[in-house]
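Numbering (this note's numbering), first residue to last: 17 to 242. Worksheet: the structure to be examined is printed underneath.
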Amino acid sequence: MRILVVEDDKDLNRQLAAALRDEQYSVDVAFDGEEGHFLGDTEPYDAVVLDLGLPELDGVSVLKRWRGDGKTMPVLILTARDAWSEKVAGFDAGADDYVTKPFRIEEVLARIRALIRRASGHAVSELSCGGVVLDTRGGRITVEGASVTLTAHEFKVISYLMHHRDEVVSRTELTEHIYEQDFDRDSNTIEVFVGRLRRKLPKNLIQTVRGLGYRLADPDAEAKGE
Ligand code: CA
C-alpha cells in the first residue's frame, strides 16, 4: 500500500512518513501544494494525508483539482484546531476524513487503515482468505493462527493482494503500489516475491492468471473441491 503525505511542516512530514513506513506502507512526501498535486495526479496512491495550510497551492484547491480530474483515492485532511469552516470546506472539496492538529500519530494511522480498508470494500480490520489472516492493525500475517515471518516487500505484496482479494492484480499494479517514487523498480522482482510467498503461505493461495497477473484463492475451498 502506497501513501502520499503532503505537509509543509518538515518535522511533522518526517514524523508522519516514518510512522507510516513503520506500518509497512510505501510513502512519498511533498512539502507544498503544487508538488503534492503533481504527485497525486501522476502516481497511484492507496491513501493521501493532506495538510490544508500549504504554500504554493492550498490543500482545498489541491483536493478540488484531484476530484475534478476524477481521482478517487481516499484523502485524510489535517486541519487547524477549532477551524470548523476548514473542515466543511475540506469535506465539500472531497475529503474522506480529517484529523485536527495537534494529533496523536496513532490516530492518523488508525484512520488511514480504516480509509484503505473501506476503499477496497472491507469493513473489519482483519482480512482473511481461508486460514490466512492479515491483521491490518499490527501488520501481521497468520496461517491457521500461526505467525508467518515476511520481509517488508513480501508483506507489501500479500497485503495489497489481500485488500484486493476478489480481483486479478497485474504485476505492474503491484509494482506501482509497493515501491516508493524514487525506488528503482523492476516488475520481475514481483515474481521473486510471489515465489517466496508461495513457499511461506499455503501453496494454492496466490494463483497466476496467465497474461493478467495474480489472484487470491481460498486454499481450503480448493482442497475441498478436489
Ligand atoms: Ca501547514
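Idealized CB from N, CA, C, for every residue including glycine. All values derive from a computational prediction rather than experimental measurement.
query, result
"Asp-48 CB to nearest heavy atom of ligand 1 below 7 Å", "no"
"Pro-218 and Val-159 closer than 8 Å at C-beta", "yes"
"Secondary structure of Glu-242, DSSP reduced to three states", "Low per-residue confidence applies at Glu-242: pLDDT is 45, beneath 50, and the placement is therefore not dependable, though the value from the model is reported in the following sentence. DSSP places Glu-242 in coil when its eight states are reduced to three."
"Complete runs of the beta strand (DSSP E) confined to the stretch 90-159 [at least 3 residues]", "91-95, 113-116, 142-145, 148-151 and 156-159"
"heavy atom of ligand 1 below 7 Å from Val-106 C-beta", "What sits at residue 106 in the sequence shown is Gly, not Val. No, Cβ of Gly-106 sits at least 7 Å from all heavy atoms of ligand 1."
"Span of the alpha helix (DSSP H) around Thr-58", "49-58"
"Helix, strand or coil at Asp-67 according to DSSP, with G and I counted as helix", "strand"
"Pairwise C-alpha distance: Gly-229 and Gln-31", "35 Å"
"Cut-off 7 Å between Cβ atoms - residues of its own chain near Val-45, not counting five sequence neighbours on either side", "Val-21, Asn-29 and Ala-33"
"Buried or exposed by the 16-neighbour rule on C-beta atoms within 10 Å, applied to Val-64", "buried"
"Alpha-carbon spacing of Asp-38 relative to Asp-182, whole angstroms", "27 Å"
"Under the three-state DSSP convention, the category Asp-236 falls into", "helix"
"Where Ser-163 falls, given that 16 or more other Cβ within 10 Å makes a residue buried", "exposed"
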